[in-house]
Amino acid sequence: MLDDHFYQRTSNLTGLLLPLADRNLIVPNVAVAELIDYQPGAFDLDTPPWYLGRVSWRQRQIPLLSFESACGNKIVIGERARIVILNALGGRPDLKFIALLVQGIPRSYKLDSQLSYVDVPLCALEQAAVQVGEQVAKVPDLLGLEELLVSAGLA
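Residue numbering for the sequence shown follows the UniProt record's numbering, starting at 1 and increasing by one per position.
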């Protein structure tokens, strides 16, 4: 799985730092399919608060979610809001991509095998926290995000 590669093969991995409203996420660059402009998704009021509807991307309707809200925090849609299209990793035929709300343009970082793990509180959708440059970044549970969508019937 990609998450295993993130931890075990970081000697030549490029990560993307995804800026959120209240934290930064770090993902392998191969997890990101594209960065697109923010577009409000159409959604039903009966959906979970972290679900922001679906966005159009390459003739597909992709589920959009707020990572902060999925972790129990407030949804923020700032002036620099963008959407990152993530490659789904679970192998589900009906869920190939997930759209994630971010607050700016991701930055690329070279990661090495000497990742410095940081002991900070994590939400259920975070696997670890690492030092990336001068910032702490959380490693998201990408399979957990997929499962969240599937279990809510939104995939």
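A virtual CB, placed ideally from N, CA and C, is assigned to each residue, including glycine.
DSSP-derived helix/strand/coil call for residue i
| i | result |
| --- | --- |
| residue 91 | coil |
| residue 8 | Confidence in residue 8 is poor, its pLDDT being 49 and thus under 50, which makes the residue's placement too unreliable to answer from. |
| residue 56 | strand |
| residue 50 | coil |
| residue 1 | Only weak support is given to the placement of residue 1: the predicted model assigns it a pLDDT of 39, under 50, and the value that follows is read from those uncertain coordinates. The answer is coil: DSSP assigns residue 1 none of H, G, I, E or B. |
One or two residues paired with residue i in a DSSP bridge
| i | result |
| --- | --- |
| residue 30 | None, per the DSSP bridge assignment. |
| residue 61 | 56 |
Buried versus exposed call for residue i [16 or more other C-beta atoms within 10 Å across all chains shown]
| i | result |
| --- | --- |
| residue 137 | buried |
| residue 45 | exposed |
| residue 140 | buried |
| residue 28 | buried |
| residue 120 | exposed |
Residue i and residue j closer than 8 Å at C-beta
| i | j | result |
| --- | --- | --- |
| residue 14 | residue 108 | yes |
| residue 63 | residue 142 | no |
| residue 65 | residue 84 | no |
| residue 21 | residue 76 | yes |
| residue 123 | residue 72 | yes |
| residue 57 | residue 70 | no |
| residue 98 | residue 145 | yes |
| residue 52 | residue 106 | no |
| residue 31 | residue 111 | no |
Q: Return the chain-ordered ranges of every alpha helix (DSSP H) run that is complete within the segment 75 to 155 and spans a minimum of 4 residues.
A: 142 to 151
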